[in-house]
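Data first, discussion second: the structure below is written as C-alpha cells.
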Amino acid sequence: MSDPIEGQENLQMSFLDHLDELRQRLIYSVITVSIAFAICYGFSNYIYRFLEKPVVAQLQKIQRNQQAKGGQISAETLKDGDIVQYTFTQETAIDGVKVPLGTSVPVKKAVRENKAILVTAYPWAVGKNLIPVETSIDKIIKDGESEIIYDDESKQLIVSGVTSSFMVLLKVALYAGIALSIPFLFYQVWAFISPGLYKHEKKYIAPVLIMSSIFFILGASFAYKVAFPAACDYLLGLAAESGFRTLLNAEDYLDLIIMIMIGLGIVFQIPTIAFVLGRVGLLTPRMMWRAWRYAIIIIAIIAAILTPTPDAFNMMMFAAPMIGLYFISIGIVWIFGKPRKTDDEMTALAKNE
Numbered sequence: 161m162s163d164p165i166e167g168q169e170n171l172q173m174s175f176l177d178h179l180d181e182l183r184q185r186l187i188y189s190v191i192t193v194s195i196a197f198a199i200c201y202g203f204s205n206y207i208y209r210f211l212e213k214p215v216v217a218q219l220q221k222i223q224r225n226q227q228a229k230g231g232q233i234s235a236e237t238l239k240d241g242d243i244v245q246y247t248f249t250q251e252t253a254i255d256g257v258k259v260p261l262g263t264s265v266p267v268k269k270a271v272r273e274n275k276a277i278l279v280t281a282y283p284w285a286v287g288k289n290l291i292p293v294e295t296s297i298d299k300i301i302k303d304g305e306s307e308i309i310y311d312d313e314s315k316q317l318i319v320s321g322v323t324s325s326f327m328v329l330l331k332v333a334l335y336a337g338i339a340l341s342i343p344f345l346f347y348q349v350w351a352f353i354s355p356g357l358y359k360h361e362k363k364y365i366a367p368v369l370i371m372s373s374i375f376f377i378l379g380a381s382f383a384y385k386v387a388f389p390a391a392c393d394y395l396l397g398l399a400a401e402s403g404f405r406t407l408l409n410a411e412d413y414l415d416l417i418i419m420i421m422i423g424l425g426i427v428f429q430i431p432t433i434a435f436v437l438g439r440v441g442l443l444t445p446r447m448m449w450r451a452w453r454y455a456i457i458i459i460a461i462i463a464a465i466l467t468p469t470p471d472a473f474n475m476m477m478f479a480a481p482m483i484g485l486y487f488i489s490i491g492i493v494w495i496f497g498k499p500r501k502t503d504d505e506m507t508a509l510a511k512n513e
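Heads up: the sequence shown begins at 161 in this note's numbering, then just goes up one per residue.
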C-alpha cells in the first residue's frame with residue numbers, strides 16, 4: 161500500500177485501492193483515539209475538575225455577593241433546605257460544650273412551636289463531644305456576630321442517576337482523548353490526500369496545520385477564560401436575582417462548555433481559511449475590504465448562535481474577537497496571497513512537477 165511519506169506520489173491507485181487506503185487510515189485513527197482515551201480516563205477526574213473551574217468560580221462569586229447582601233443571618237432569611245456555614249467570631253458554649261473561636265458549623269432552618277429557628281444541620285463533633293443534629297443555636301447567633309459562607313454543596317455540579325457520574329467521566333476521557341489524538345489524526349488525513357496533491361500544494365500543508373492548531377487553541381482558551389465565564393456570570397446571576405437555587409447538571413454543563421470551546425476553536429480558523437484561499441488566488445485583500453460590512457453581519461449571526469445567553473453584551477464578547485480576526489485575515493491575505501493562476505499556467509506547472 162502506498163505511503164506518501166515514502167515518496168510514492170506517482171503510484172496509480174484504483175478505486176478499491178483508495179477504499180483500502182481509507183480503511184487503513186480509519187483503523188489507525190480509531191486505535192490512536194482508543195489508546196488516548198484509555199490514558200485520559202486515568203486522569204478524567206482531574207480533567208473534569210479543570211473544566212468545571214469557570215462555573216465553580218462564578219458560583220463562589222454569587223455566594224459572596226449573597227453573603228454581602230444578606231446581612232445578619234436569621235431563620236427568616238433562609239429558605240427550606242438551605243444550608244449555610246456559620247463561623248463563631250467569639251468563644252461560646254452550646255449545651256455546656258465549649259466552642260472555640262473560629263469554629264464553623266453548618267446550620268439550617270427548622271420550625272419548633274410554630275416558630276422558625278436555626279439549628280445544626282448535621283451531628284457536630286467538638287473535641288471529644290458530639291453535639292446532636294438540629295441542636296438550636298438561634299440565640300447564640302442572634303447575640304453574636306456572624307460570618308456566613310454557603311455550604312460547599314451549593315457550588316457542586318450534580319448528577320441525576322447512579323451511572324451518570326461514570327458516564328460523565330467517560331465523556332471527559334473521550335473528549336480529551338480526541339483532543340490528544342488530533343496531531344496524529346491530521347497526519348492520517350494528510351497521508352490519505354497527499355498522493356493527489358502537486359508538490360507546490362504539499363508545501364502549504366505544514367503552515368496550514370500549524371496555523372490551524374494555534375488558532376484552535378487560542379479559540380478554545382478564549383472560550384474557557386473569557387467568553388464562558390462571562391456567560392455564566394450573566395445566567396447564574398440572573399437566576400440568583402430571581403430567587404432560584406441553581407442545581408447544575410454535570411452532563412449538561414460538560415456538553416455546553418465543550419460545545420462552546422469547539423465552536424470558538426472552529427470560528428478562530430478564519431485566518432487559516434483566509435490564508436489558504438489567498439494562496440490559491442480565490443481571495444484578495446481588496447475583496448475582503450469591500451465585503452467587511454457583510455462579514456460583520458455574518459459574524460453577528462454566528463455569535464448569536466454560539467452565545468448561550470440572549471443579552472447583547474455576551475454576544476459582543478463572542479463577536480469582537482471574530483471581527484478582529486477578520487481584519488487580521490485581510491493582512492494575512494495581503495502578505496501571503498497570490499494572483500489566481502490561469503488554467504494554462506496550472507497545466508504547465510503540473511507538467512514541470
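Each residue gets a CB set at the ideal place from its N, CA and C atoms; glycine is no exception.
Alpha helix (DSSP H) runs wholly inside the region 394-474, at least 4 long, in chain order
For secondary structure counted as the alpha helix (DSSP H) over 4 or more consecutive residues, the region 394-474 holds these complete runs in sequence order: 410-427, 430-439, 445-450 and 452-466.
Within 10 angstroms of the Cβ of Thr323, are there 16 or more other Cβ atoms? Answer buried if so, exposed if not.
The residue labelled residue 323 in the question sits at position 163 within the sequence shown. Thr323 is exposed by the Cβ-count criterion.
Checking the sheet assignment: what are the DSSP bridge partners for Arg272?
Translated into positions along the sequence shown, residue 272 becomes position 112. Listed as beta-bridge partners of Arg272 by DSSP are Lys275.
Extent of the continuous beta strand (DSSP E) run through Ala285:
On the sequence shown, residue 285 is found 125 positions in, with the first residue counted as 1. Start and end: Trp284 to Val286.
Spatial neighbours of Ile297 within its chain, please: C-beta separation below 8 Å, excluding the five flanking residues on both sides.
Here the question's residue 297 lines up with position 137 in the sequence shown. Excluding sequence neighbours, Ile297 sits near Tyr246, Ile254, Val265, Val267, Leu278, Val279 and Thr280.
Does DSSP classify Ser320 as helix, strand or coil?
Your numbering for residue 320 matches position 160 in the sequence shown. Residue state for Ser320 is assigned as coil, using DSSP reduced to three classes.
Leaving out the 5 sequence neighbours to the left and right, which residues in its chain are closer than 6 Å to Glu411 when beta-carbon positions are compared?
Here residue 411 refers to the residue found at position 251 when the sequence shown is read from its first residue. The residues are Val328.
So, are the CB atoms of Asn409 and Leu317 less than 8 Å apart?
Reading the sequence shown from its first residue, position 249 is the one you call residue 409. Reading the sequence shown from its first residue, position 157 is the one you call residue 317. Going by C-beta atoms, Asn409 is nearer than 8 Å to Leu317.
Check whether the region 422-430 touches the region 378-389, taking contact to mean three or more Cβ pairs, one atom from each stretch, closer than 8 Å.
yes
Just mark Lys269 as buried or exposed, buried being the case when its beta carbon has 16 or more other beta carbons within 10 Å.
In the sequence shown, residue 269 corresponds to position 109, counting from 1. Classification for Lys269: buried.
Please look up how many angstroms separate the CB atoms of Phe478 and Val368, rounded, as I've assumed it's under 8 Å.
Residue mapping note: residue 478 aligns to position 318 of the sequence shown, counting from 1. Residue mapping note: residue 368 aligns to position 208 of the sequence shown, counting from 1. Phe478 to Val368, Cβ: 25 Å. No contact.
Excluding sequence positions up to five away, which residues of its chain have a Cβ less than 7 Å from the Cβ of Ser189?
Mapped onto the sequence shown, residue 189 falls at position 29. So the list reads Leu345 and Gln348, once near-sequence residues are dropped.
Starting from Val328, follow its DSSP beta bridges and name the residues at the other end.
For the purposes of this step, residue 328 is taken as the residue at position 168 of the sequence shown. According to DSSP, which records beta bridges pairwise, Val328 is partnered with nothing at all.
What distance in whole Å lies between the Cβ atoms of Leu414 and Lys331, which are believed to be in contact at a cut-off of 8 Å?
Counted from its first residue, the sequence shown places residue 331 at position 171. Counted from its first residue, the sequence shown places residue 414 at position 254. Going by Cβ atoms, the distance from Lys331 to Leu414 rounds to 6 Å, so yes, they are a contact pair.
Exposed or buried, what is Leu443 when buried is set at 16 or more other beta-carbons lying within 10 Å of its beta-carbon?
As a working note, residue 443 is residue 283 in the sequence shown. Classification of Leu443: buried, given that the 10 Å Cβ count is 16 or more.
Contact with chain D by Ser324, beta-carbon distance below 8 Å
The structure shown contains no chain D, having only a single protein chain.
Which word fits Pro283, buried or exposed, when buried means at least 16 other C-beta atoms lie within 10 angstroms of its C-beta?
Here residue 283 is taken as the residue at index 123 of the sequence shown, counted from 1. Around the CB of Pro283, fewer than 16 other CB atoms lie within 10 Å, so the residue is classed as exposed.
Which word fits Lys385, buried or exposed, when buried means at least 16 other C-beta atoms lie within 10 angstroms of its C-beta?
Taking the sequence shown and counting its residues from 1, one reaches residue 385 at position 225. It is exposed - the Cβ of Lys385 has fewer than 16 other Cβ atoms within 10 Å.
Could you pull the start and end residues of the alpha helix (DSSP H) that Leu357 belongs to?
In the sequence shown, counting from the first residue as 1, residue 357 sits at position 197. It is not in any alpha helix (DSSP H) - Leu357 carries neither H nor E in the DSSP assignment.
Answer with buried or exposed for Arg439, where buried requires no fewer than 16 other C-beta atoms within 10 angstroms of its C-beta.
Reading the sequence shown from its first residue, position 279 is the one you call residue 439. That one is buried.
I'd like to confirm the pairing. Which residues does DSSP put opposite Val257 in its beta bridges?
On the sequence shown, residue 257 is found 97 positions in, with the first residue counted as 1. For Val257, which the question treats as bridged, DSSP gives the partners Ile254.
Just reading off the beta strand (DSSP E) that Ile291 is part of, what are its end residues?
The residue labelled residue 291 in the question sits at position 131 within the sequence shown. Asn289 to Ile291 is the extent of the beta strand (DSSP E) around Ile291.
I want to know whether the region 414-423 touches the region 465-477 - three or more CB-CB distances under 8 Å.
yes
For Thr192, which three-state DSSP category applies?
Here residue 192 refers to the residue found at position 32 of the sequence shown. If DSSP states are grouped into helix, strand and coil, Thr192 belongs with the helices.
From what residue to what residue does the alpha helix (DSSP H) around Ala380 run?
Residue numbering aside, residue 380 sits at position 220 when the sequence shown is read from its first letter. Ile365 to Phe382 is the extent of the alpha helix (DSSP H) around Ala380.
Pro431, buried or exposed, once every other Cβ within 10 Å from all chains shown has been counted against 16:
Your numbering for residue 431 matches position 271 in the sequence shown. Buried, by the Cβ-count rule.
Residue from Arg185, Met371 and Thr406 whose Cα sits closest to the Cα of Ile433
Position 273 of the sequence shown, counting from 1, holds the residue named residue 433. Checking every option, the nearest Cα to that of Ile433 belongs to Met371.
I'd like the list of long-range same chain contacts for Pro292, defined as Cβ closer than 7 Å, with 5 residues on each side in sequence excluded.
Indexing the sequence shown from 1 puts residue 292 at position 132. Excluding positions up to five away in sequence, the list reads Pro283.
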